[in-house]
Structures are given as structure tokens and as C-alpha cells.
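S.K.: Shown below is the structure under consideration.
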Amino acid sequence: MPVKEDEIIMPDDLKKCVEFHGHICPGLIYGYRVAREAIRLMDLTRAVDEEIVAVCENDSCAVDALQVLLGTAAGKGNLIIKDFGKNAYTVLSRSRRQTYRFSRKTHYDYQGRDKDTFERLEAAVAEGSASEADRKNLRRLKIDDLLARPFGEIFITRELPFEEPLYAPLAPSEACAVCGEMTMAAKMVKLKDGRSLCLPCSQKTSAD
Ligand SMILES: [Zn+2]
Ligand SMILES: [Zn+2]
23 MPVKEDEIIM PDDLKKCVEF HGHICPGLIY GYRVAREAIR LMDLTRAVDE EIVAVCENDS
83 CAVDALQVLL GTAAGKGNLI IKDFGKNAYT VLSRSRRQTY RFSRKTHYDY QGRDKDTFER
143 LEAAVAEGSA SEADRKNLRR LKIDDLLARP FGEIFITREL PFEEPLYAPL APSEACAVCG
203 EMTMAAKMVK LKDGRSLCLP CSQKTSAD
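Sequential numbering of the sequence shown, starting at 23, is according to our numbering.
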């Protein structure tokens, strides 16, 4: 269960992320912090086209904050998801010719603030004895912590050599020889008899 957003005081840019994503959660905050740090390091403004490219190594909530703040959006070809299940993000600016990779540090290591509560709640969740209120409190602690902590305590930042990625291709479409639907030619399967099929039709045909 996500935390109710009205319980947290949010800056405007975070509100936009929450509006797009639908709820506030620790995952979204990871993406929010990464996007803000990339903006700060490379002096970015939200990509209209493909000026910024993001490679996300997971397909979690965090990705949505990058879409909102960096304009690295699923439909534009400048959001690449490599779902390795890693809390890591690479952000590249074509105009600055710079690339940074951000990867999550090992753990929440509560130094002082809320440490006891946090450990008690984590233990309760781990052993399955946590109430709904416990779970909610833990999420809230995580969100507050992720928002308050210096970025360097959450993520390791590394500058990578800049290699300009190709732009998303503007590919022509053709009608599939079976269903007749227009399909990007590059994504079609060419049969020996010269016909081109869309992927779903080619799979049905070969299964027959
Ligand atoms: Zn979420
Ligand atoms: Zn087809």
C-alpha cells in the first residue's frame, strides 16, 4: 500500500512525478533523486526530443520520475530499459557530451535518526508479524529518509566515457501479408516466399 501523498510535504517537481506515477513510494524517490542529480551535474533541461538518454537497469517505479523530470520517455526512444533488476541508471546528455551512471549503495544505514524504529519495523516485516500500520510507517520512514539524505549516501556516481547513442530510427511500415496491419518493416519476419509477416502472425504460422 502506498503512502497517501497528502501526508508528505512535496516540492513541485516531486508532485509532478507523483501525479504521473499515481502514488508516492520509495522507488519513485530513487528515480526522483537520480533525475535531480543528473540535472544538477549536467545542467539539463527536460528533453523535448532525444537530447537526453536514460538507461534504466530495472523497470520499477523509479523509471517514471526520470520520464517526468528528464523527458526520457518510453515512446520517444530515449528511455532504454535493461531490466537487470538493479537500482542503477545511466543518464547521457548529447549536448554536454557527458554520461553519468548512478548505482544504489548497499543498504539503508540509519545513523541515529529513527534507527530503533526502523530496525524494529524491518524485523517485523521480515518475520511477517508487521501490521498494516507498521508497513505504512516503514514506507514513510524510507521516503522521508530518501528525500532528506545527501545524494552521495544513497547512490554511487561515476562519470563514464561519452559514446553517442544512435537516434531512434524512423522506420517505414508495411502491411503484414496475413493480418494486413501496418507494421514497422524492421520488426517483421521475412519468409522464404518473399512475404513479410508481423511477429504475432509469424508465430501463429510456424505453430500450425
Ligand atoms: Zn511506485
Ligand atoms: Zn500480421
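For every residue, glycine included, the Cβ atom is placed at its ideal position computed from N, Cα and C. Being a predicted model, the structure only gives us computed values, none of them experimental.
Is LEU213 near ligand 2 - that is, is its Cβ less than 7 Å away from at least one heavy atom of it?
M.R.: Because no heavy atom of ligand 2 lies under 7 Å away, the Cβ of LEU213 does not count as near it: no.
S.K.: Kindly identify the DSSP beta-bridge partner or partners of THR121.
M.R.: DSSP output for THR121 lists LEU114, LEU182 as bridge partner(s).
S.K.: Taking C-alpha atoms, which residue in ASP166, PRO33, GLY216, LEU213 lies nearest to GLY49?
M.R.: It is ASP166.
S.K.: GLU196: beta carbon under 7 Å from a heavy atom of ligand 2?
M.R.: No, ligand 2 has no heavy atom inside 7 Å of this Cβ.
S.K.: What are the partner residues of CYS78, as DSSP defines its beta bridges?
M.R.: In DSSP, CYS78 forms a bridge with ILE103, TYR111.
S.K.: Tell me which residues share the same chain as SER224 and place their Cβ nearer than 6 Å to its Cβ, disregarding the 5 neighbours each side in the sequence.
M.R.: The answer, listed in chain order, is VAL211.
S.K.: Which same chain residues end up closer than 8 Å to VAL147 when comparing Cβ atoms and leaving out the 5 residues on each side of it in sequence?
M.R.: Closer than 8 Å at the Cβ level, and outside the excluded window around VAL147, lie ASP156, ARG157, LEU160.
S.K.: At what residues does the alpha helix (DSSP H) containing GLU59 begin and finish?
M.R.: Start and end: 48-64.
S.K.: Please report the residue range of the beta strand (DSSP E) in which ALA197 lies.
M.R.: Unbroken beta strand (DSSP E) run through ALA197: 195-197.
S.K.: Select from VAL56, ALA57, ARG58, GLN120 the residue whose C-alpha is nearest the C-alpha of PRO187.
M.R.: Answer by Cα proximity: GLN120.
S.K.: Below 7 Å, is the gap between the Cβ of CYS47 and the nearest heavy atom of ligand 1?
M.R.: CYS47 Cβ: within cutoff of ligand 1.
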